[in-house]
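Protein chains in written order, with the numbering used here: chain A, 492 to 960; chain B, 86 to 390.
Written below as structure tokens is the structure these notes are about.
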Amino acid sequence: MATEASTDAAPAPTEPSAVARSLKDAVLAGLLALGLFLPLIGFQTVTNMRNELVLETRWPLLATIVATIIAGRFVYTLFVYPWLAARAVRPASLRYRLDTKTDEKRITWKTWATLLAAGFVAAYPAMVMVIGGGQGALKWIDNFGIQILIYVMLGWGLNIVVGLAGLLDLGYVAFYAVGAYSYALLAKTFGFSFWLLLPLAGILASFWGLLLGFPVLRLRGDYLAIVTLAFGEIIRMVLINWVPVTNGYAGISGIPRPTFFGLPFNASDEGFAAYFGLEFSPIHRTIFLYYVILALALLTAYVTVRLRRLPVGRAWEALREDEIACRSLGINTTNTKLTAFAIGAMFGGFAGAFFAARQGFISPESFTFMESAIIVAIVVLGGMGSQIGVAIAAVVMIGGTEIMRDLDFLKAIFGSGFDPTQYRMLLFGLAMVLIMIWRPRGLIATRSPSVFLKTRKEVSGSLVREGHG
Amino acid sequence: MELFVQQLINGITLGSIYGLIAIGYTMVFGIIGMVNFSHGDVFMVSAFIALITFLVLTTWLGIASIFLALVIVLVVGMVLTGLLSWTIERLAYRPLRGSFRLAPLISAIGMSIFLMNFVQVTQGPRNKSVPPLVRGEFVVMDSGTFAVTLSFKQLLIWTVTAVLLAAFWYVVARTSLGRAQRACEQDRRMAALVGINVDRTISMTFVIGAALAAVAGTLYLIHYGVVSFADGFVPGIKAFTAAVLGGIGSLPGAVIGGLLIGLIETLWSSYFSHDYKDVAAFSILAITLIFLPQGILGRPDVEKV
């Protein structure tokens with residue numbers, strides 16, 4: 492197929508037409524794709540009956556993919572690219588006219604959108620109950636509601652470190668793990684209640700934040716990212732290998748569940764259902780957990796908003812913009828960085844304790860680097876420093892990958908052997924790259940300053956030097 | 086003593102593999118100041134390409150000579166992996182070159198997740214093992230109770246690494262491409278002013294780094310005889326540690342760092358604890374970055390206002 496197309500393109504006149512150029516380009520892209528995909532898609536290594544590795548071929552799949560790439564590239568170079576180029580040279584005044592909406596108007600619009608979103612989130616379990624009924628609702632509240640809110644909370648927690656203080660932390664999951672293991676071990680060993688251990692888990696996690704934050708104070712940018720990644724992995728390996736305490740790979744099971752002011756969620760006479768005269772249903776606990784994580788997430792957001800107006804929050808943002816200027820103005824960068832690490836870690840610890848209480852089982856598998864990467868992706872793709880953006884990114888990325896589990900109709904298209912869940916992380920990685928190229932500043936690319944002269948004005952993300960420090 | 090010598094041999098073998106990967110990290114960091122996070126996964130993909138090429142050669146085309154097969158596998162692996170790296174740079178990193186500093190790093194993390202899962206989806210999640218390709222060994226020292234051996238496999242890994250490093254040194258030190266690379270590393274804008282095609286030089290840097298990673302991937306496959314989709318992450322981090330330890334941006338430093346990391350890892354596993362060998366590598370990374378951020382052969386980073 493590829494060679495045929497290239498002979499068509501060969502006798503092009505000295506000034507090749509747009510079609511011929513696109514065709515040549517598409518064929519080159521096709522050849523490149525063929526080269527790249529031939530080994531990994533064209534062949535599959537399978538183990539046969541005698542436990543030997545043999546090759547199976549998948550030529551039709553390879554041909555389809557290469558043909559798709561050729562067609563896509565052709566359409567892109569012939570139609571999409573000229574259109575984009577034409578749009579880019581349009582006079583600037585035309586584009587800026589769209590921005591003449593006054594800032595006050597935009598802010599009232601934003602307030603309404605926030606209220607609407609808050610109403611939706613608060614009423615979500617009831618709505619799902621009405622639409623889905625018993626079993627369906629359980630899945631929707633647990634897999635979507637609670638799961639997404641955990642990541643929203645983690646994203647907001649990490650946002651303090653990455654978005655406000657500009658320190659890229661690739662080991663955030665370590666604090667999540669510290670919180671989860673603190674709750675699990677203390678609750679199982681001493682039988683303390685969830686509400687006592689929740690703050691304790693936060694405090695322990697923030698101690699770890701200080702402990703890990705201290706040595707990395709001198710590092711900047713990429714180096715800091717890599718060292719925090721190393722710390723995250725070290726903590727996970729200790730969890731794996733310190734079997735007497737953590738039970739290694741097997742993890743900790745039978746972690747006590749939280750109670751409703753002392754009323755356990757079970758079918759007994761002292762249980763929540765019996766006390767309120769309801770029929771026992773597992774959904775009570777799920778709804779309760781939903782509101783707990785919602786409250787925790789909102790607490791994170793509220794504390795962040797308030798902290799941004801305090802001297803420490805302003806110091807964080809100043810540090811993100813320019814560390815040297817900060818130092819010359821007398822800001823104690825050591826304390827500023829450490830508070831960011833500790834407070835971010837504390838919220839990670841809260842989320843970890845909640846995670847352990849919700850699952851009832853934890854193992855090192857839940858705290859891999861991939862989790863850290865997902866949280867960082869949510870913060871960066873949402874727009875570092877923007878709380879709404881982080882929340883939207885968490886809903887899109889986590890909700891999107893969760894929804895992959897339910898796409899049964901795809902089996903009808905791709906055959907019954909097609910398992911959409913396999914492609915979750917594949918698409919996640921791809922989405923990270925694409926969103927980064929499309930909007931390097933994240934989905935919400937404007938920041939609202941905490942200090943302003945007369946009116947609050949959104950500033951473009953391009954004016955913010957995120958992640959410099 | 087015999088155990089020590091044996092671990093020295095094993096460590097150098099492992100270290101050559103890390104050193105080859107580390108060059109890719111150090112070159113890219115030197116030239117565009119970016120941690121190429123997906124490099125470890127490019128290395129893993131190259132091991133799969135080597136595995137598949139080898140199976141095609143032996144089971145389909147019936148090439149019996151291991152030597153010939155190995156040469157073809159190396160060449161095919163280097164070409165295809167170079168192509169892969171060129172494509173990744175073009176699609177995922179080049180559009181972000183003028184962007185804020187963390188943008189390419191995030192893009193690279195996404196690419197790393199993508200590559201890892203792409204291989205998992207296309208080749209399956211299980212470990213792929215091949216029968217040992219090169220058998221036989223020399224006995225170097227024999228004290229009666231413990232014989233120190235140097236297997237042909239290890240000798241092969243040393244030889245291939247040495248030859249490739251020599252070729253690589255020639256490219257960097259003697260060709261116009263190498264000169265362009267060194268110029269870009271010193272000052273990209275100035276290099277562009279004197280007529281160096283900076284974009285192409287950066288692309289070629291990615292290609293060369295990936296080609297060396299492909300050699301490492303092939304050698305990894307020969308050394309361990311098994312590869313899985315998740316094998317890019319930890320060797321990638323260790324190779325990055327090697328690059329940092331040797332002084333990031335310094336090419337001989339990357340090789341020295343690789344050998345050191347290989348030695349530390351094998352000696353640590355034999356004298357202390359096998360379970361914590363990755364912890365040792367990660368700790369070295371943290372300790373080096375905190376106390377010796379310029380590495381052994383690197384230049385100290387001067388803070389400019």
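For glycine and all other residues, C-beta sits at the position ideal for the given N, C-alpha and C.
It should be emphasised that the depicted structure is a prediction, and the values quoted were computed from it without experimental measurement.
* To do: Using the Cα positions of B:Ile-369 and A:Tyr-674, report the straight-line distance between them to the nearest angstrom.
  => Going from the Cα of B:Ile-369 to the Cα of A:Tyr-674 covers about 31 Å.
* Asked: When you compare only the Cα positions, how much space is there between A:Ala-816 and A:Ile-651?
  -> Whole-angstrom Cα-Cα distance: 21 Å.
* Asked: Quick one: is A:Val-557 buried, meaning 16 or more other Cβ sit within 10 Å of its Cβ, or exposed?
  -> So A:Val-557 ends up on the buried side.
* **Exposure of B:Val-129, with buried meaning 16 or more beta-carbon neighbours within 10 Å** => Position check: residue 129 of chain B holds Met in this sequence, whereas Val was assumed. Using a 10 angstroms sphere on the CB of B:Met-129, the tally of other CB atoms reaches 16 or more, which defines it as buried.
* Over what stretch of residues does the alpha helix (DSSP H) that includes B:Ala-366 continue unbroken? -> Its alpha helix (DSSP H) spans residues 362-376.
* To do: Could you tell me whether any Cβ in chain A is nearer than 8 Å to the Cβ of B:Phe-133?
  => It does; some Cβ of chain A falls within 8 Å.
* Asked: Are A:Arg-930 and A:Gly-851 closer than 8 Å when you measure CB to CB?
  -> Not closer than 8 Å, so no.
* **Close Cβ partners of B:Ser-335 (< 6 Å) along its chain, the five nearest in sequence each way excluded** => Leu-382, Gly-383, listed in sequence order.
* **Closest by C-alpha distance to B:Leu-168, when choosing among A:Arg-541, A:Val-571, A:Phe-611, A:Gly-526** => Ranking A:Arg-541, A:Val-571, A:Phe-611, A:Gly-526 by Cα distance to B:Leu-168 puts A:Gly-526 first.
* Exposure of A:Phe-756, with buried meaning 16 or more beta-carbon neighbours within 10 Å -> With 16 or more Cβ atoms within 10 Å of its Cβ, A:Phe-756 is classed as buried.
* To do: Check each candidate in A:Phe-705, A:Gly-723, A:Ile-865, A:Pro-911 and name the one with the smallest Cα separation from A:Thr-830.
  => Of A:Phe-705, A:Gly-723, A:Ile-865, A:Pro-911, the residue nearest in Cα terms is A:Phe-705.
* Asked: DSSP on A:Leu-730, reduced to helix/strand/coil?
  -> In the three-state reduction of the DSSP assignment, A:Leu-730 falls in the helix class.
* **For B:Val-350, the residue or residues it bridges with in DSSP** => With the sequence shown as reference, residue 350 of chain B is identified as Glu, and Val is not the correct amino acid for it. Per DSSP, none; premise fails for B:Glu-350.
* **8 Å Cβ cutoff, A:Phe-860 in contact with chain B** => It does; some Cβ of chain B falls within 8 Å.
* When the Cβ atoms of the segment 610-623 of chain A are set against those of the segment 837-855 of chain A, are three or more pairs found closer than 8 Å? -> Short answer: they don't touch.
* Asked: A:Tyr-615 and A:Gly-636: beta carbons closer than 8 Å?
  -> Cβ distance < 8 Å, so A:Tyr-615 and A:Gly-636 count as in contact.
* **Contact set for A:Ile-889: own chain, Cβ-Cβ below 7 Å, skip 5 residues either direction** => Excluding positions up to five away in sequence, the list reads Gln-638, Ile-639, Tyr-642.
* To do: Return the CA-CA distance between B:Ile-205 and B:Phe-314, expressed in angstroms with no decimal places.
  => Here residue 205 of chain B turns out to be Gln, not Ile, going by the sequence shown. Those two C-alpha atoms are separated by around 6 Å.
* From what residue to what residue does the alpha helix (DSSP H) around B:Val-91 run? -> The amino acid at residue 91 of chain B is misidentified as Val; the sequence shows Gln. DSSP places B:Gln-91 in the uninterrupted alpha helix (DSSP H) bounded by 87-117.
* **Neighbour-count burial assignment, B:Ser-261, 16 or more Cβ in a 10 Å radius** => Taking every protein chain shown into account, the CB of B:Ser-261 has fewer than 16 other CB atoms within 10 angstroms, so this residue is exposed.
* Between B:Glu-350 and the rest of its own chain, which residues show a CB-CB distance below 8 Å, the 5 nearest in sequence each way excluded? -> Around B:Glu-350: Gly-96, Leu-99, Lys-323, Lys-362, Ala-365, Ala-366.
* Asked: Does B:Leu-330 have its Cβ less than 8 Å from a Cβ in chain A?
  -> By this cut-off, B:Leu-330 is not an interface position.
* Residues near B:Glu-174 in its chain [Cβ-Cβ closer than 8 Å; skip 5 each side] -> Ile-287, Ser-288, Phe-291, listed in sequence order.
* To do: Determine the burial state of A:Ser-584: buried for a count of at least 16 other Cβ atoms within 10 Å of its Cβ, exposed for fewer.
  => Because A:Ser-584 carries a pLDDT of 49, less than 50, the predicted location of this residue cannot be relied on, and the following value inherits that uncertainty. Under this definition A:Ser-584 is an exposed residue.
* To do: Please classify B:Ala-232: does DSSP put it in a helix, a strand, or coil?
  => Residue state, collapsed to three classes: strand.
* Given that B:Asn-202 touches chain A, what residues does it touch there, using C-beta distances under 7 Å? -> Simply Met-916, Leu-917, Gly-920.
* **Backbone secondary structure at A:Val-510 - three-state DSSP** => Of the three classes helix, strand and coil, the one that applies to A:Val-510 here is helix, per DSSP.
* Asked: Pairing CB atoms from the segment 874-882 of chain A with CB atoms from the segment 699-717 of chain A, are three or more of them under 8 Å?
  -> Output reads no: the segment 699-717 of chain A does not touch the segment 874-882 of chain A.
* Asked: Just how far apart, CA to CA, sit A:Trp-733 and A:Gly-835?
  -> It is roughly 26 Å from the alpha-carbon of A:Trp-733 to the alpha-carbon of A:Gly-835.
* Asked: Any chance the segment 227-235 of chain B sits against the segment 296-304 of chain B, with 3 or more Cβ pairs inside 8 Å?
  -> The segment 227-235 of chain B, when compared against the segment 296-304 of chain B, does not touch it at the 8 Å Cβ threshold.
* Assign A:Leu-964 to one of three DSSP states: helix, strand, or coil. => Residue 964 of chain A cannot be examined here, being either before or after the span of chain A that is shown, 492 to 960.
* **Proximity below 8 Å, CB of B:Ala-177 to CB of B:Ser-197** => In this structure, B:Ser-197 does not lie closer than 8 Å to B:Ala-177 by Cβ.
* **Collapsed DSSP secondary structure at B:Phe-185 in the structure displayed** => For B:Phe-185, the three-state secondary structure derived from DSSP is coil.
* Under 7 Å from the C-beta of A:Leu-732: neighbouring residues of chain B -> Looking at the sequence provided, one finds Asn at residue 732 of chain A rather than Leu. Within 7 Å Cβ-Cβ: Asp-360, Tyr-361.
* Hey, could you find the ends of the alpha helix (DSSP H) A:Val-664 is sitting in? => Its alpha helix (DSSP H) spans residues 664-681.
* Asked: Does the Cβ-Cβ distance between B:Ser-184 and B:Val-127 come in under 8 Å?
  -> No; because the gap between Cβ atoms is not below 8 Å, this pair is not in contact.
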